[in-house]
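Residue numbers (the numbering used here): 12 to 348.
All residues carry an ideal CB built from backbone N, CA and C; glycine is no exception.
Right, here's the structure in full:
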């Protein structure tokens, strides 16, 4: 009973309560919310973001951050569009786009893992640089006219009512959960995020793991960019612009510490549901996109500040308890003497 109570009072328990409250409000204010089509649409409109949020969880738990994921998504989408527009078969264009994402991740990972530059600075430069390359490729055009089978991957159901991208997310979430929570690689991710110096002195190849995580981030971001191009049916230079805000918010709101070393995918999964249901409810109520972005921004601030405030209050409380015990022990010693 005590274990269940502690779980309910945990961060995941709080997210579950918030999710239930949002769902109840949405049901009362927008009856169409409960329909199956709306529930699938709820995921479909943000499916690329939540796919990238999975690998971003690994990056942040490892004590790093990748601000370039949205730019890699946009660059991969532009590579697919430009190559197809120039007569390259779509299958080959997809492979090249995925390789471009892998190279972008390797570029970021090299400077962070082997040169020792801060990931914030490196990926910020990548965010600007990769987006610049995407705009150079597309310029002011909009490229579309993709094959029917390609757009069907992003727009049409594949198994029952579920589209291909949603199935990809379910498979990736399962794989990420197993790797992070139940494998040796996952334990190394936590150890390095908690204290990279200790991990290095323990014989762990820290640079290699960090490079692998950034390469995975680039590859998954490129995959999400390809899926985004399929869903939209056309690509511009600003495709996926600003997606990094939602992605990072999903991870941090899920209880993953911005300083690394703590968090889990269950919390991130609940956070994804909270943000998707919140955005869906606001959309059904015709709330503008700017207001929705502002709400997500506030969630990002809360997700960073609240855990730190709780930790500070907990540490202060523990210090007071220790001081009281020391004072009480001193009084008892003086009385006995």
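Tell me which same chain residues have a C-beta within less than 6 Å of the C-beta of residue i, skipping the five on either side of it?
i: residue 77; result: 70, 134 and 228
i: residue 154; result: 92, 96 and 246
i: residue 351; result: Because the chain in this structure spans residues 12 to 348, residue 351 falls outside the shown range and cannot be described.
i: residue 244; result: 155 and 162
Can you give me the start and stop residues for the alpha helix (DSSP H) that residue i sits inside?
i: residue 218; result: 217–243
i: residue 85; result: 80–96
i: residue 262; result: 254–264
i: residue 49; result: 47–55
i: residue 270; result: That residue, residue 270, is in no alpha helix (DSSP H); it is neither H nor E in DSSP.
i: residue 58; result: 58–72
Restricting to Cα atoms, I'd like to know which of the options is closest to residue i.
i: residue 113; options: 231, 21 and 45; result: 231
i: residue 307; options: 328, 283 and 327; result: 283
i: residue 287; options: 62, 39, 24 and 21; result: 62
i: residue 4; options: 116, 115, 67 and 29; result: One cannot answer for residue 4 here, as it falls past the ends of the chain, which runs 12 to 348.
i: residue 115; options: 94, 102 and 81; result: 81
i: residue 183; options: 65, 56 and 59; result: 65
i: residue 225; options: 117, 196 and 251; result: 117
i: residue 83; options: 257, 104 and 119; result: 119
Near residue i, which residues of its chain fall below 7 Å by C-beta distance, leaving aside the five closest residues on each side in sequence?
i: residue 199; result: 215 and 220
i: residue 172; result: 47 and 51
i: residue 107; result: 90 and 94
Looking at the structure shown, is residue i part of a helix, part of a strand, or coil, going by DSSP?
i: residue 107; result: helix
i: residue 38; result: helix
i: residue 99; result: coil
In chain order, what residues of the same chain lie with their CB nearer than 8 Å to the CB of residue i, ignoring the 5 residues before and after it?
i: residue 210; result: 199, 202, 203 and 217
i: residue 187; result: 65, 66, 68, 69 and 276
With a cut-off of 8 Å, does the C-beta of residue i fall near any C-beta of chain B?
i: residue 53; result: Absent here is chain B; the protein component of the structure consists of one chain.
For the region 274–321, list the beta strand (DSSP E) runs that are entirely contained and at least 3 residues long, ordered along the chain.
Assignment of beta strand (DSSP E) within the region 274–321, counting only whole runs of 3 or more residues, yields no such run.
Note down, one range per segment and in chain order, each beta strand (DSSP E) of at least 3 residues found wholly within the region 155–229.
Taken in chain order, the whole beta strand (DSSP E) runs of length 3 or more contained in the region 155–229 are 168–170.
Could you pull out every unbroken beta strand (DSSP E) segment of at least 3 residues lying fully inside the region 120–148, listed in chain order?
Within the region 120–148, no run of beta strand (DSSP E) at least 3 residues long lies entirely inside it.
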